[in-house]
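Residue numbers (this note's numbering): 746 to 1382.
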């Protein structure tokens, strides 16, 4: 079959947009191009090593994996070469012409045009290969996939403007050569000293040798010249295998950037060697920012698995629970077989032990931040919570063994402060509980303002009782698995009857009983008027300012959860709310003496209560008509 002729193809639209933004936003940190391209070369070598476990022929006659960096002053080029897995024609088009990354649309929507802010976002998104265009006005890639014939090499070339060409070439060696044709004014990178400094700064942790030509002084020419002999520039040993005392914070940081493709520094990390029934090394990082695909529970590429320093896979989801999917890092096992499969991982006792140990290690790291007396560490935890708190909450329902530990790490907004910042822990709340209070009270809402202004909070404000404001979408689900904390029941202020326990004195209880008797006839009349619109009508003492509110029965779904289910297109069970009326409110007292418009007033009170909690009216026009009639009637008097 004849090889296809040279073709010119267009970039994916997102690639064109990213290239323009990246070239301008990252121009002040140009040297990162070398870090990104070396990181890609290292990944290509890891993939070859993995595939060769079951097919050693892929090594061909070149078993020693390496990366080579070279430059040519006359041609004004820099070449980064690897003998890793390489690419065939289809892979080159796919990998170099498109961005196959979930969250792409959201990423572009957040770009503001501010170069400094956009640079941070671009770095968070990861740019990899495209970073070469920061210093190059043309990039040539010559590549051949391991195991394919020499005449199935591929040349990919682009000026980064919107198109790329691709053609077949002969390439004796497998792997990829990335040739950067430098822009005018970028000759500073045509220097052995400069390139070696960048490699040692950003890529010293790479476990493969990074080779460059040796230099020597030419006395006759009075200048440094390159020799044919190559030397290793980096340490070329897996960073996680080194002693912690031999690794600098900068090296830990650069290794994180390598495995995560994040330009920013990690929030925190932990490096441990575990010995016992299972022996393994873990180097785990917590990012500073959430990735754009955080809510894709099927996107799990955080943990790289190695066995005896041999790369096995880079999305080993069996090694970390779903609710910790934001964790990045490396786990290197001394016990697993080299040909371990995903099926074996699911059934292995060693993997279960690694998963349990790694989960506890991450939770311990978070506890250290959350419980530290150092304000800087506390601030780090606050930053973590803002980015990953909603994901951590998933652990309450998914990890029964660690539920209590996770519950201690939870943070919420509350009526104790005016801010929507989620800073209150259960322990903080219990420490501020009123004398005689035996429950942790909470209210759920669509957002902070809806929760904070809920009419269900009125009696609690009057009595100075703190209420937690739960506004994350995951909260309702989480609460189905969390009924108490430290012996204190979690109680919704919007479900069931109001029970303030010892916060209510005997005189108040007696007065309430008398009031309920006085309003018994009105309640029965309203039940008849509302029909099947309400499950029940009753007098309440939870309100001080509002005339009425809706509550869910003790064992039924809350109104907020029902609205969330419907908004998500899911089937929600039919659950009619209970209407509670405030006997001290003038509107309710007026209703005792209303006859002609009693039905209209009853429906208006119900609809107002529904609107107050963020619900949607089933008959908006009917509500407006009743309200207008009532207003006109009052105006004519």
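From the three backbone atoms N, C-alpha and C, an ideal C-beta is built for every residue, glycine too.
It should be emphasised that the depicted structure is a prediction, and the values quoted were computed from it without experimental measurement.
Looking only at DSSP bridge pairs, what is residue 900 linked to? In DSSP, residue 900 forms a bridge with 887 and 912.
Does the segment 1221-1230 come within contact of the segment 1133-1147, defined as at least 3 CB pairs closer than 8 Å?
Yes, since at least three Cβ pairs between the segment 1221-1230 and the segment 1133-1147 fall closer than 8 Å, the two stretches touch.
On a Cα-Cα basis, can you pick out the residue from 1194, 1109 and 1327 that is closest to residue 1358?
Answer by Cα proximity: 1194.
**OP:** Tell me whether residue 997 sits in a helix, a strand or coil according to DSSP, three-state version.
**Re:** Three-state DSSP puts residue 997 in a helix.
Out of 999, 1034 and 944, point me to the one whose CA is closest to residue 1125's CA. Checked all of 999, 1034 and 944; the closest Cα to residue 1125 is 1034.
Practice item. With a 10 Å radius around its C-beta and 16 neighbouring C-beta atoms as the bar for buried, classify residue 1049 as buried or exposed. Key: That one is buried.
### Task
Might you give, ordered along the chain, the residues of its own chain that have their beta carbon closer than 6 Å to the beta carbon of residue 938, omitting 5 neighbours on each side?
For residue 938, where only same-chain residues beyond five positions count, there are no Cβ hits under 6 Å.
**Message:** As a quick exercise: from 1121, 1217, 765 and 1179, pick the residue whose alpha carbon is nearest that of residue 1191.
**Reply:** Closest by alpha carbon: 1217.
Q | Within 8 Å, strictly: CB atoms of residue 1275 and residue 1295 | A | In this structure, residue 1295 does not lie closer than 8 Å to residue 1275 by Cβ.
- prompt: What residue range is occupied by the uninterrupted beta strand (DSSP E) comprising residue 1187?
  reply: Looking at the DSSP string, the run of the beta strand (DSSP E) that includes residue 1187 is 1184-1189.
*Would a C-beta distance cut-off of 8 Å place residue 1374 and residue 1345 closer than the cut-off?*
Yes. Within cutoff.
Span separating the alpha-carbon of residue 1149 from that of residue 1232
Between the C-alpha atoms of residue 1149 and residue 1232 there is a straight-line separation of about 12 Å.
### Query
Which one or two residues does DSSP pair with residue 970 in a beta bridge?
Answer by DSSP bridge pairing, in chain order: 961.
What's the call for residue 1145, buried or exposed, on a 16-neighbour Cβ count within 10 Å? Exposed is the call here.
Let me check one thing: in DSSP terms, what residues is residue 1058 bridge-paired to? In the DSSP assignment, residue 1058 is bridged to 1050.
Inspect the beta-carbon positions of residue 919 and residue 828 and report whether they are closer than 8 Å. The answer is yes: Cβ separation under 8 Å.
From this set, 1241, 1008 and 1108, which residue's C-alpha is nearest residue 876's C-alpha? Of the candidates 1241, 1008 and 1108, the one whose C-alpha sits nearest the C-alpha of residue 876 is 1008.
| task | List the DSSP bridge partners of residue 1230. | result | DSSP, once it has assigned bridges, lists 1233 as partnering residue 1230.
Quick check: is the beta carbon of residue 1019 nearer than 8 Å to any beta carbon in chain D? The structure shown contains no chain D; it is built from a single protein chain.
Closest Cα partner of residue 1239 within the set 1208, 1354, 1157 and 1011: Here the closest residue by C-alpha is 1354.
Quiz prompt | residue 962 burial status per 10 Å Cβ neighbour count (16 or more: buried) | solution = Per the 10 Å Cβ criterion, exposed.
Reference residue 1108; option with closest CA among 1100, 1151 and 1067 = Comparing alpha-carbon positions, the option among 1100, 1151 and 1067 lying closest to residue 1108 turns out to be 1151.
| query | With a CB to CB cut of under 7 Å and the five nearest residues on each side skipped, what residues in its chain are close to residue 842? | reply | Here the set comprises 754, 756, 757, 760 and 909.
- residue 1030, enclosing beta strand (DSSP E) - first and last residue: Start and end: 1025-1031.
- prompt: Buried or exposed: where does residue 1288 fall if 16 or more other Cβ atoms within 10 Å of its Cβ makes it buried?
  reply: With 16 or more other Cβ atoms within 10 Å, it is buried.
Requested in this report: For residue 837, collect the residues of the same chain with a Cβ closer than 8 Å to its Cβ; drop the 5 residues on either side in sequence, then sort them by chain order.
Outcome: Hits under 8 Å: 886, 888, 899, 901 and 911.
Worksheet item: Considering residue 1150, what are the terminal residues of the alpha helix (DSSP H) in which it resides?
Response: 1148-1154 is the span of the alpha helix (DSSP H), which, as asked, contains residue 1150.
Quick check: what's the CA-CA separation for residue 1022 versus residue 1061? Rounded to the nearest angstrom, the two C-alpha atoms are 21 Å apart.
**Message:** Please classify residue 917 as buried or exposed, where buried requires at least 16 neighbouring CB atoms within 10 angstroms.
**Reply:** Residue 917 is exposed by the Cβ-count criterion.
Q) Start and end of the alpha helix (DSSP H) containing residue 920? A) No alpha helix (DSSP H) holds residue 920; the beta strand (DSSP E) holding it covers 920-927.
Inter-stretch contact at 8 Å, needing at least 3 Cβ pairs: the segment 978-987 / the segment 953-960:
A contact exists between the segment 978-987 and the segment 953-960.
Please look up how many angstroms separate the CB atoms of residue 1029 and residue 1074, rounded, as I've assumed it's under 8 Å. Yes, residue 1029 and residue 1074 are in contact; Cβ-Cβ is about 4 Å, under 8 Å.
**Message:** Quick check: the Cα distance between residue 1278 and residue 1162, rounded to an integer number of angstroms?
**Reply:** Their backbone Cα atoms lie some 36 Å apart in a straight line.
Measure the CB-CB distance between residue 1249 and residue 1184 and report whether it falls below 8 Å. Taking 8 Å as the Cβ cut-off, residue 1249 and residue 1184 do not qualify as a contacting pair.
Can you tell me whether residue 1362 is helix, strand or coil according to DSSP? It is coil, neither helix nor strand.
Review point. Under a Cβ-count criterion, where at least 16 other Cβ atoms within 10 Å of its own Cβ denotes burial, should residue 970 be classed as buried or exposed?
Key: Answer is exposed; the Cβ neighbour count stays below 16.
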